[in-house]
Amino acid sequence: MKKIILLLLIVSSSSVFAQKLSKEELAVKMSEKSCECANKEEISKDNFEMTLGLCIIEAINAFEKDVDRHYGKDVINDEKKMEELGYDVGKEMAKTCPAIFKFMFDEDSENQEVVEETPDEMITGQLTEIKSEQFLTFSVKEDSGKMNHFILLSSFENSFLLTDKVVKVNDAVEIYYYELELYDAKLSKFISYKVVTDIIKK
10 MKKIILLLLI
20 VSSSSVFAQK
30 LSKEELAVKM
40 SEKSCECANK
50 EEISKDNFEM
60 TLGLCIIEAI
70 NAFEKDVDRH
80 YGKDVINDEK
90 KMEELGYDVG
100 KEMAKTCPAI
110 FKFMFDEDSE
120 NQEVVEETPD
130 EMITGQLTEI
140 KSEQFLTFSV
150 KEDSGKMNHF
160 ILLSSFENSF
170 LLTDKVVKVN
180 DAVEIYYYEL
190 ELYDAKLSKF
200 ISYKVVTDII
210 KK
């Protein structure tokens, strides 16, 4: 009987601890759940927002107690809290399944003329700073003195030079990139970012 009671206590304790995620851990877990859900669907530009919304709601239900603790009860009907949660989860999803977000930026190609793809822009200069926060960002100073700031959003052949810290501050580099506007919910406006597509150490 004592063994049964002890087992019940262990299971109960494990359940309690499993639910007590930090706000950051919750965002990661919900992003993983949302990405898993979205990857099962046939997503198009037309149904992207609805599908993503339903997947986030599924994640809210899966982690209901932690969501209630960090964002309040009935978060789905609270526009301000839902916006905060969506921002937190969306940031993590951009890292967990960045391919899903292509539907936010792709032009609808159906019934349109084929447009020649614009080549990436390129600069050369000296690496002056690397930051690893929510996203990996870095700065490059051109010979002219102009400073450029970049963000790493997706994987490419040479991305390990940044992620594995192969390139260092003061290294000469060649950067290929494109510009992309992303919505910053905290600032309530679109911000233009230079997204790196390749980096070559000189």
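Throughout the sequence shown, residue numbering follows the working numbering, covering 10 to 211 in sequence. For each residue, glycine too, the CB sits at the ideal point set by N, CA and C. Fair warning: this is a prediction, and the values are worked out from it, not measured in the lab.
| Stretch-stretch touch, CB-based, cutoff 8 Å, three pairs: the segment 159–179 with the segment 79–90 | no
| query | Given a threshold of 16 other Cβ atoms within 10 Å of its Cβ, counted over all protein chains shown, does residue 202 qualify as buried or as exposed? | reply | Numbered from 1 along the sequence shown, position 193 holds the residue referred to as residue 202. When all chains shown are included, residue 202 counts as buried.
| Residue range of the alpha helix (DSSP H) that includes residue 69 | Looking up residue 69 in the sequence shown gives position 60. Start and end: 57–71.
| Do the segment 58–76 and the segment 125–143 meet, that is, are 3 or more Cβ pairs less than 8 Å apart? | no
| Which residue's Cα is closest to the Cα of residue 177: 204, 143 and 134? | Start at 1 with the first residue of the sequence shown, and residue 177 comes out as number 168. Per the Cα distances, 134.
| DSSP state of residue 136, grouped into three classes? | Here residue 136 refers to the residue found at position 127 when the sequence shown is read from its first residue. Residue 136: strand per DSSP, three-state reduction.
| message | Short of 6 Å in beta carbon distance, which residues of its chain neighbour residue 144, apart from the five on each side in sequence? Order them along the chain. | response | Taking the sequence shown and counting its residues from 1, one reaches residue 144 at position 135. Same-chain partners within the cutoff: 160.
| message | Can you list, in chain order, the residues of its chain with a C-beta nearer than 7 Å to that of residue 91? Leave out the 5 residues immediately preceding and following it. | response | Taking the first residue of the sequence shown as 1, we reach residue 91 at position 82. If we look at residue 91 and ignore the five residues flanking it on each side, its Cβ neighbours are 84 and 85.
| field | Reduced DSSP category for residue 48 - H, G, I as helix; E, B as strand; rest coil | value | Stepping through the sequence shown from its first residue, residue 48 is reached at position 39. Helix.
| field | Distance CB(residue 65)-CB(residue 37) smaller than 8 Å | value | For the purposes of this step, residue 65 is taken as residue 56 along the sequence shown, with counting starting at 1. For the purposes of this step, residue 37 is taken as residue 28 along the sequence shown, with counting starting at 1. Going by C-beta atoms, residue 65 is not nearer than 8 Å to residue 37.
| What is the DSSP secondary structure of residue 141, counted as helix, strand or coil? | As a working note, residue 141 is residue 132 in the sequence shown. Strand.
| Looking only at C-alpha atoms, which of 209, 93 and 187 sits nearest to residue 32? | Residue numbering aside, residue 32 sits at position 23 when the sequence shown is read from its first letter. When each option's Cα is compared against that of residue 32, the closest is 93.
| query | Going along the chain, which residues of its own chain have a beta-carbon closer than 6 Å to the beta-carbon of residue 131, five neighbours each way excluded? | reply | Looking up residue 131 in the sequence shown gives position 122. Around residue 131: 185.
| task | Label residue 75 either buried or exposed according to how many other C-beta atoms from any shown protein chain fall within 10 Å of its C-beta, with 16 as the threshold for buried. | result | For the purposes of this step, residue 75 is taken as residue 66 along the sequence shown, with counting starting at 1. Buried, because 16 or more other Cβ atoms sit within 10 Å of the Cβ of residue 75.
| query | Three-state secondary structure (DSSP) at residue 169? | reply | Position 160 of the sequence shown, counted from the start, is the residue given in the question as residue 169. Helix, per DSSP.
| task | May I ask which residues mark the beginning and end of the alpha helix (DSSP H) holding residue 103? | result | On the sequence shown, position 94 is the one that residue 103 refers to. Per DSSP, residue 103 belongs to the alpha helix (DSSP H) from 88–105.
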